[in-house]
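K.L.:
There are 2 protein chains.
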Amino acid sequence: MRESGVKERILDTASRLFYDQGYHVTGINQIIEEADIARASLYNHFPSKTDLLLAYLDSTHASWFEELDAFLKPIEGPREKLLALFDFRIMRQKRYNYKGCHFNKITAEASDDQAVLARVKAHKERLRKLILELVDQTMYRSILNNEQLADTLFLLLEGGIAVGGMYRSSEAPEKAKQIAEAVL
Amino acid sequence: MRESGVKERILDTASRLFYDQGYHVTGINQIIEEADIARASLYNHFPSKTDLLLAYLDSTHASWFEELDAFLKPIEGPREKLLALFDFRIMRQKRYNYKGCHFNKITAEASDDQAVLARVKAHKERLRKLILELVDQTMYRSILNNEQLADTLFLLLEGGIAVGGMYRSSEAPEKAKQIAEAVL
DNA sequence: GTCTATAAAATGATAGAC
DNA sequence: GTCTATCATTTTATAGAC
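Quick mapping for you: the protein sequence lines, in order, are chains D and G.
At position 14 of the first sequence the residue is numbered 14 (the working numbering), and the sequence of numbers has no breaks.
At position 167 of the second sequence the residue is numbered 351 (the working numbering), and the sequence of numbers has no breaks.
Here you go:
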C-alpha cells in the first residue's frame, strides 16, 4: 500500500522533471526532495538512475497510447481520426508547455544507450503503423501511394512537434494539421 | 597566433562533444583534455561553460549556412535547389552519425535558456525563409499556396531529420525527399 | 521498507606562479 | 596567456540503524 504510493510518486516526479528540465540536469537529490521520499527508498525501487529512466520511458509509452485510444474512440472515420492525431499531440504539447516530443527529447540526451533508443524507436514505429492502418481505411488516391501518404502525415506530425518544441509554440503543429487537411 | 589556435581547438572540441555526447554530459575536464589545452586557457577564452555553448551555437549556425550556400550554388533551378536541401541535410547527418539536428538537440538540453532558444529559432527561421524564397521562384500551383508548400517542405525536412535522429538512420529523410519530389 | 549519514568521484570555476 | 594546484558543490550510490 504505502510502497506502491511511494514508487508511483517517485516515477511521477522523475517523469515530470526528466521532461521539464532534462534527464542529466535532474539529480537524484531533487527527485527525492520533490517526491518527498527517502533516499534509500528510491534505490530500493529503482536500482539506478538508468532504471528510473527506462521506467519513465515505458510508462510514458504506455500512457501515451492509452490516452490516444481514448481520444480517438469517439471520432468517426479514418480521415477524421488522422486529423485528430494532430489535435491530440497539440493538446499534449499545450499541457506540457511545448517542449517537444518526450521521445525526441530523451534521444538528444541519452543518445548512446541502446535500451533507450530501442524504446524510442518502438514508440515511433507503433505510431507510424497506426497511421498507415488508418490511411489504408481511407479511399485515398493521388500521386502518393498509401505508405507515402502515411509517411507524409507521420513526418508532418513529427516535424510540427519538433519545430513547436524549438519555438515553444503550437504554431508549427497547427500548420502541419492544416497541410494534412489539404492533402487528405 | 597560438592564442587563436588554442581558442579554435577549444571550440572545435567542445562542438564535437556537445553534439556527440550532449551538453550536460560533457564536462570541462573532458574538453580541456581532448583539446589538449590548460584549464585556465579555457576560462580565459570562455568565461563560463554557457559562453562556450553560445559560441558553439553561433559558429554552427554560421558554418551551416556557409556550407549550404556552397552546396546549392552549382545547382540550377529553384525546384532542384529545394530538393538539394534534403541531400544537404542527409549528407550532414551521415557525417555526424545521424544524431539529428544540432539545434533540435541542444533545445532538448538547454531548454530554459532564452539565449539558446533565440539562436535556435533564428537558425530555423532563416531556413524557412530560404525555402519560401525558393518556392516563390517556382511556378507552383495546387491546393496549397506558396507559404503552405514552403511549410510542407520545411516540416518534411525537420520531421525527417528528427526521426532520422531517433532511428539513427537516413531512412526517414530519404523518404521525406521522395515525398517532396512527388509534391513539387 | 524506510530512514540518516556518508562515501567516492566528478562537476564548474578560481588563485597564484611563471 | 598559459600553467598547476585546489576549492566548494554536486553527482550517483551504499552502509547500517530502526
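Even glycine gets a Cβ: it sits at the ideal position worked out from N, Cα and C.
Report yes if the C-beta distance between Met350 (chain G) and Thr50 (chain D) is below 7 Å; otherwise report no.
P.N.:
no
K.L.:
For Val347 (chain G), report the span of its alpha helix (DSSP H) as first-last.
P.N.:
Asn330 to Tyr351
K.L.:
Between the C-alpha atoms of Phe255 (chain G) and Ala62 (chain D), what's the straight-line distance to the nearest angstrom?
P.N.:
Pairing Phe255 (chain G) with Ala62 (chain D), the inter-Cα distance amounts to about 43 Å.
K.L.:
For Ser170 (chain D) and Ala346 (chain G), I'd like the C-alpha separation in whole angstroms.
P.N.:
CA-to-CA, the gap between Ser170 (chain D) and Ala346 (chain G) works out to about 17 Å.
K.L.:
Comparing C-alpha positions only, which one of G:Leu241, G:Leu269, G:Tyr240 and G:Pro262 sits nearest to Leu252 (chain G)?
P.N.:
G:Leu269
K.L.:
Please tell me whether Met350 (chain G) has its Cβ less than 7 Å away from any Cβ of chain D.
P.N.:
yes
K.L.:
Near Lys191 (chain G), which residues of its chain fall below 8 Å by C-beta distance, leaving aside the five closest residues on each side in sequence?
P.N.:
His229
K.L.:
Quick one: what's got a C-beta closer than 8 Å to Asp196 (chain G)'s C-beta in the same chain, skipping five residues either side?
P.N.:
Shown here for Asp196 (chain G): same chain residues with a beta carbon closer than 8 Å to its own, the five before and five after excluded, namely Ala219 in chain order.
K.L.:
Compare the C-beta of Asp58 (chain D) with all C-beta atoms of chain G and state if any pair is closer than 7 Å.
P.N.:
No Cβ of chain G is located within less than 7 Å of the beta carbon of Asp58 (chain D).
K.L.:
Using a Cβ-Cβ cut-off of 6 Å (strictly less than) and excluding sequence neighbours within five positions of Thr322 (chain G), which residues of its own chain qualify?
P.N.:
Pro262 and Arg263
K.L.:
For Ala334 (chain G), which option in G:Gly211, G:Leu301 and G:Lys265 has the closest C-alpha, if you only look at C-alpha atoms?
P.N.:
In terms of Cα proximity to Ala334 (chain G), the closest of G:Gly211, G:Leu301 and G:Lys265 is G:Lys265.
K.L.:
Rounded to whole angstroms, what is the Cα-Cα separation between Val183 (chain D) and Leu314 (chain G)?
P.N.:
Going from the Cα of Val183 (chain D) to the Cα of Leu314 (chain G) covers about 23 Å.
K.L.:
Please classify Arg204 (chain D) as buried or exposed, where buried requires at least 16 other C-beta atoms within 10 Å of its C-beta.
P.N.:
Here chain D comprises residues numbered 1 to 184, so residue 204 (chain D) is not present and cannot be evaluated.
K.L.:
Go ahead and label Ser295 (chain G) buried or exposed: buried means 16 or more other beta carbons lie within 10 angstroms of its beta carbon, across all protein chains shown.
P.N.:
buried
K.L.:
Just the chain D side, please: which residues come within less than 8 Å of Asp271 (chain G) by C-beta, in chain order?
P.N.:
Those within 8 Å of Asp271 (chain G) in chain D number zero; the least Cβ separation is about 17 Å.
K.L.:
Do Glu147 (chain D) and the ligand ZN come close, with the Cβ less than 6 Å from some heavy atom?
P.N.:
In terms of ligand content, the structure shown is empty, and the ligand ZN therefore cannot be addressed.
K.L.:
Taking Arg141 (chain D) as part of the alpha helix (DSSP H), name the residues at either end of that continuous run.
P.N.:
Looking at the DSSP string, Arg141 (chain D) is not in any alpha helix (DSSP H), and its letter there is neither H nor E.
K.L.:
By the criterion of Cβ-Cβ separation under 7 Å, what are the contact partners of Asp335 (chain G) in chain D?
P.N.:
Lys175 and Ile179
K.L.:
Using a Cβ cut-off of 7 Å (strictly closer), state whether Asn288 (chain G) contacts chain D.
P.N.:
With its beta carbon less than 7 Å from one in chain D, Asn288 (chain G) belongs to the interface.
K.L.:
Going by CA-CA distance only, name the one from G:Lys361, G:Ile274 and G:Leu237 that's closest to Arg369 (chain G).
P.N.:
Nothing about residue 369 (chain G) can be read from this structure; chain G reaches only from 185 to 368.
K.L.:
With a threshold of 7 Å between beta carbons, is Arg141 (chain D) in contact with chain G?
P.N.:
no
K.L.:
So with CB distances below 7 Å, who are the chain G contacts of Gly160 (chain D)?
P.N.:
Near Gly160 (chain D) (Cβ distances below 7 Å), the residues of chain G are Leu339.
K.L.:
Just the chain D side, please: which residues come within less than 9 Å of Leu301 (chain G) by C-beta, in chain order?
P.N.:
Neighbourhood of Leu301 (chain G) in chain D, by CB distance below 9 Å: Met166, Tyr167 and Arg168, in chain order.
K.L.:
Against chain G, does Lys99 (chain D) count as a neighbour if the rule is that its beta carbon must be under 7 Å from one of theirs?
P.N.:
yes
K.L.:
Could you give the first and the last residue of the continuous alpha helix (DSSP H) run that contains Val367 (chain G)?
P.N.:
Glu355 to Val367
K.L.:
So, are the CB atoms of Tyr96 (chain D) and Gly164 (chain D) less than 7 Å apart?
P.N.:
no
K.L.:
Could you tell me the boundaries of the alpha helix (DSSP H) in which His245 (chain G) lies?
P.N.:
Lys233 to Leu256
K.L.:
Rounded to whole angstroms, what is the Cα-Cα separation between Gln277 (chain G) and Pro357 (chain G)?
P.N.:
9 Å
K.L.:
Going by DSSP, what residue range makes up the alpha helix (DSSP H) through Thr210 (chain G)?
P.N.:
Careful: Thr210 (chain G) lies outside any alpha helix (DSSP H) and carries neither H nor E.
K.L.:
How long is the line joining the alpha carbons of Arg193 (chain G) and Met91 (chain D), rounded to whole angstroms?
P.N.:
Cα to Cα, the separation comes out at about 44 Å.
K.L.:
How long is the line joining the alpha carbons of Trp248 (chain G) and Asp271 (chain G), rounded to whole angstroms?
P.N.:
14 Å
K.L.:
Quick check on the DSSP output: the alpha helix (DSSP H) that includes Lys105 (chain D) runs from which residue to which?
P.N.:
His102 to Glu109
K.L.:
Could you check what DSSP says for Glu309 (chain G) in three-state terms: helix, strand or coil?
P.N.:
helix
K.L.:
Considering Cα atoms alone, identify which of G:Glu217, G:Ser225, G:Lys289 and G:Leu311 is closest to Tyr240 (chain G).
P.N.:
G:Lys289
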